[in-house]
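Asker: Structure in structure tokens, see below.
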Amino acid sequence: MLMPNLVAILALLAVGRTPTPEEIRAWDISVAPDGAGLPEGSGTAAAGKEIYANRCARCHGAKGEGRDSVPVAGGQGTLKSPKPLRTVGSYWPYATTIFDYVSRAMPFDKPGTLSHDQVYAVTAYVLYLNGIVAEDAMIDARSLPKVQMPNRNGFVPDPRPDVGRTRGSGSARKAR
Amino acid sequence: MEDTQSTRRRWLGLTAALGAGVTACKRSGPEQAEETGPRLLGKPVSAYGERSPYETDTRALPNTRTPEAASSRTPLQDSCGILTPSSLHYERHHAGVPNIDPARHRLLLHGLVDRPLIFTVDEIRRMPSVSHIHFLECSGNSGGEWGPKTGRDASQSCGLASCSVWTGVPLSSLLHEAGVQKDAKWLICEGADACKMQRSLPLDKAMQDTLVAWGQNGEALRPEQGYPLRLVVPGWEGNISVKWLRRIKVTGQPYMVRDETSHYTDLMPDGTARIFTFVMDAKSLITFPSGGQRLNGPGSYEVTGLAWSGRGRIERVEVSTDLGRSWQNANLQEPRLPMAFTRFRFPWKWDGSAAVLQSRCTDESGYVQPSKEELIAVRGLNSQFHYNGIKPWKVMPDGSVTNADA
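Chains as they are written, first to last, in this note's numbering: chain D, 1 to 176; chain B, 177 to 582.
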């Protein structure tokens, strides 16, 4: 009798080719919330200040208050208010997401043009603007995942269906 | 004769001025006079067809300094049937539409798999494929409806939803080729656009019904819909159907990426935010008569619209014409497919007085589309996303139709 995994292999269509480890490394820019995938390099807010001023401030404001694009700083303590301000500091649960997003998507008009050191420095500066790290804190693959974001525990799983009625019952519908 | 012609010309001018609300789909114009005398030859055959020059429905564009990170809206008020023409499918891009040569495009599948693989587009097209009709809806669709100023027409209110027949390979087939390892629970799916937009997709959904699509409405995907490859994740918020798909990394955890943490999460009154609110709940919309359209006097009309649910088939649509005091079942046009638009129709005799038209759908899970007030009572005013409330339209005695804002 054939082993199950052998059966599975025999059923393959044999399409695609095996990538080399170098190919996977070159393509794989994913950064996990535990820091897996963060590249070598480092930066401080002090180093990030000038990069931010030159490459980020035009859209996000000199102090991260937002201009043509969303604010990246401020808003802590506003999430329950009638006018919540969702920023990196008030809302984002993981510091690793800053590195990942800046690295892949920023600056908006020229994504992919910042070096790893520059991305670490800008990440440090945005954290500094939010009062989360000190100006001279060294941010790198080891320290970034340890940064405690203020809203780290602010997210809850989807409880829907939370509104409306089930046909026939007429009663408020509770979580599954 | 001249008088008749000029009258007709004025009539046509008038209907044009009234906008595209009265469309060829739903009603015809006045009788064409019988043509007499010699006739001109028409246009010859053509390689790629275009719509009639008399048809002018377009996607609604935003006023923004960054149209590369913006959305365009499907003119649902002009729709007929359940399929959206590819050229009118809503768009939401985060860094513009990339120009991708399919001969150079690759899809890398790696991570917690026995056999990492790189696929060409040709290889994926060669695999056994399926075609399924599904809606896509941005979770930000109808976000404006939370506030006091609601969408003035169907496009502005609800135009980030469209429905297509998608052709592609079940994602489960690709995962089977690669051999998913036992610790795998999530897929990190990444596009080839400038910002490499990505989302974390649960493995269960990937294995259940997710497609790696290359076809839309009988031809290749349009560039703005992800050419040459995209995910189609049926019934789930549109953002997770990653376009220009270039890489899938199989992991044990979600990666908490920007577009599933800072965006597309629903902020509740207590300051917590719901994350991974994937399913688009049941929703319906009257497309005729809807905001911006006009009824030409009292008489018989067919109220029609669309209903859909991320939890399966639409089982019932009810229509109210009296401010919600009474509701009557609408006729549901077959086919009623799971996680697809369903067209409903309701005969209505308008007596010429002001009326409020509403539709409310029920899906196969028994979920009944809620009112705006019911949504706000639970979620408050700041959750931004996943709005699926009942949309009222107000018919005025002069026949004009508006959003029913106070």
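Built from N, CA and C at the ideal position, the CB exists for glycine as well. In this text, all values refer to a predicted model and were calculated from it rather than measured experimentally.
At least one CB of chain D closer than 7 Å to the CB of Lys372(B): is that the case?
Answerer: yes
Asker: Note down the Cα distance separating Glu313(B) from Arg519(B), rounded to an integer number of angstroms.
Answerer: 16 Å
Asker: Please list, in chain order, all residues of the same chain as Ala95(D) whose beta carbon is under 6 Å from its beta carbon, the five residues on each side excluded.
Answerer: Leu144, Val147 and Met149
Asker: Considering only C-alpha positions, which residue in the set Pro404(B), Lys419(B) and Val571(B) is nearest to Pro278(B)?
Answerer: Taking only the C-alpha atoms, the option nearest Pro278(B) is Pro404(B).
Asker: Which complete alpha helix (DSSP H) runs does the region 252-332 of chain B hold, if anything under 4 residues is left out?
Answerer: 297-302
Asker: Using beta carbons (cut-off 7 Å, strictly below), is Ser30(D) in contact with chain B?
Answerer: yes
Asker: Tell me where the alpha helix (DSSP H) around Gln118(D) begins and ends.
Answerer: First-last of the alpha helix (DSSP H) with Gln118(D): His116 to Leu129.
Asker: Applying a beta-carbon distance threshold of less than 9 Å, which residues of chain D neighbour Met303(B)?
Answerer: Chain D residues near Met303(B): Leu13 and Val15.
Asker: Would you decide whether Thr18(D) is buried or exposed? Buried here means 16 or more other CB atoms lie within 10 Å of its CB.
Answerer: exposed
Asker: Helix, strand or coil for Cys334(B), going by three-state DSSP, please let me know.
Answerer: helix
Asker: Along the alpha helix (DSSP H) that carries Glu630(B), what are the first and last residues, could you check?
Answerer: For residue 630(B) there is no data in the structure shown, the boundaries of chain B being 177 and 582.
Asker: In this structure, what does DSSP give as the bridge partners for Asn505(B)?
Answerer: Listed as beta-bridge partners of Asn505(B) by DSSP are Glu494(B).
Asker: Measuring only the C-alpha atoms, how far is Trp27(D) from Arg160(D)?
Answerer: In this model, Trp27(D) and Arg160(D) are separated by some 36 Å (Cα to Cα).
Asker: Rounded to the nearest angstrom, what separates Pro157(D) and Thr441(B) at their Cα positions?
Answerer: Going from the Cα of Pro157(D) to the Cα of Thr441(B) covers about 10 Å.
Asker: Give me the residue from Val455(B), Lys567(B), His308(B) and Gly402(B) with the minimum Cα distance to Ser485(B).
Answerer: Val455(B)
Asker: Are at least three pairs of beta-carbons, each pair with one atom in the region 566-578 of chain B and one in the region 447-454 of chain B, less than 8 Å apart?
Answerer: no
Asker: Count the other C-beta atoms from every protein chain shown that fall within 10 angstroms of the C-beta of Ala53(D), then say buried if there are 16 or more, exposed otherwise.
Answerer: exposed
Asker: Would DSSP call Arg17(D) helix, strand or coil?
Answerer: strand
Asker: For Ser333(B) and Asn317(B), what's the separation of their Cα atoms in angstroms?
Answerer: 8 Å
Asker: Should Gly197(B) go down as buried or exposed, given a rule of 16 or more other Cβ atoms within 10 Å for buried?
Answerer: Note that Gly197(B) scores 40 on pLDDT, short of 50, meaning its location in the model is unreliable; the coordinates nonetheless yield the value given after this. Looking at its Cβ environment, which holds 16 or more other Cβ atoms inside 10 Å, Gly197(B) is buried.
Asker: If you check the beta carbons only, do Cys154(B) and Ala105(D) fall under 7 Å apart?
Answerer: Chain B is shown from 177 up to 582; residue 154(B) falls before or after that span and cannot be answered.
Asker: Go ahead and pull the three-state DSSP assignment for Ser349(B).
Answerer: helix
Asker: Which residues mark the beginning and the end of the alpha helix (DSSP H) in which Cys59(D) is found?
Answerer: Ala57 to His60
Asker: Please confirm whether Ala389(B) and Leu363(B) have their CB atoms less than 7 Å apart.
Answerer: no
Asker: Assuming His116(D) contacts Gly48(D) (C-beta within less than 8 Å), just tell me the rounded distance between them.
Answerer: At roughly 13 Å, the Cβ-Cβ gap does not stay under 8 Å, so His116(D) and Gly48(D) are not in contact.
Asker: Between which residues of its own chain and Pro292(B) is the CB-CB distance below 6 Å, once the five residues before and five after are set aside?
Answerer: His286
Asker: Would you mind listing the beta strand (DSSP E) stretches within the region 370-411 of chain B that are 3+ residues and don't spill past its ends, in chain order?
Answerer: 374-378, 387-392 and 406-408
Asker: Go through its chain and collect everything with a Cβ distance to Glu540(B)'s Cβ below 6 Å, but skip five positions before and after it.
Answerer: Gly488, Arg489 and Glu491
Asker: His270(B) to Ala246(B), Cα distance in whole Å?
Answerer: Rounded to whole angstroms, the separation of the alpha carbons of Ala246(B) and His270(B) is 7 Å.
Asker: Give the interface partners of Leu79(D) over in chain B, defined as CB-CB distance under 7 Å, in chain order.
Answerer: Going along chain B in sequence order, the residues near Leu79(D) (Cβ under 7 Å) are Leu443 and Gly447.
Asker: Using 8 Å as the Cβ pair cut-off and three pairs as the minimum, do the region 517-531 of chain B and the region 255-271 of chain B touch?
Answerer: yes
Asker: Among residues of its own chain, excluding the 5 on either side of Leu127(D), which ones have a beta-carbon nearer than 6 Å to its beta-carbon?
Answerer: Val133
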